[in-house]
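*Asks:* This structure is in structure tokens; I'll ask about it shortly.
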Amino acid sequence: MRARIIRNVIRCNHCGDVIESTYRHDFKTCRCGCVSVDGGHDYLRRCSLYGPDDYTDLSETAAPDRKNEYEEE
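For the sequence shown, the numbering used here assigns the number 213 to the initial residue and increments by one for each residue that follows.
Set out below in structure tokens:
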């Protein structure tokens with residue numbers, strides 16, 4: 213089971229913008245265009261021009277909801 217996503221947020225290390233994706237396919241880009249975030253509460257997707265040092269991850273996650281052992285994911 214994967215962690216539940218509470219907030220899907222990053223900060224651009226170039227322009228300082230804090231951007232958040234709040235729903236699936238909510239693709240947001242910072243004002244300088246170096247980084248983007250996507251996925252809302254469904255998945256964590258980051259895009260960057262130069263690499264992972266372009267942003268700081270500020271996302272919040274929680275332990276997954278426990279399911280009955282007989283339920284399918």
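All C-beta atoms in this analysis are idealised placements derived from N, C-alpha and C, irrespective of residue type, glycine included.
In this text, all values refer to a predicted model and were calculated from it rather than measured experimentally.
1. For I218, does the count of other Cβ atoms within 10 angstroms reach 16, so buried, or fall short, so exposed?
2. Please say whether N220 and L261 have beta carbons closer to each other than 8 Å?
3. Going by DSSP in three states, D269 sits in which element: helix, strand or coil?
4. Can you check whether the CB of G252 is closer than 8 Å to the CB of S233?
5. What does the Cβ neighbour count give for D250, buried or exposed, with the cut at 16 atoms within 10 Å?
6. Can you give the beta carbon distance from I231 to C242, rounded, assuming they're within the 8 Å contact cut?
*Replies:* The relevant details are as follows:
1. The count along the sequence shown starts at 1 and reaches residue 218 at position 6. So I218 counts as exposed.
2. On the sequence shown, position 49 is the one that residue 261 refers to. On the sequence shown, position 8 is the one that residue 220 refers to. No.
3. Within the sequence shown, the letter at position 57 stands for residue 269. Correct three-state label for D269: strand.
4. One-based indexing of the sequence shown puts residue 233 at position 21. One-based indexing of the sequence shown puts residue 252 at position 40. Going by C-beta atoms, S233 is nearer than 8 Å to G252.
5. Against the sequence shown, residue 250 aligns to sequence position 38. So D250 counts as buried.
6. Taking the sequence shown and counting its residues from 1, the one referred to as residue 231 is at position 19. Taking the sequence shown and counting its residues from 1, the one referred to as residue 242 is at position 30. Yes, I231 and C242 are in contact; Cβ-Cβ is about 6 Å, under 8 Å.
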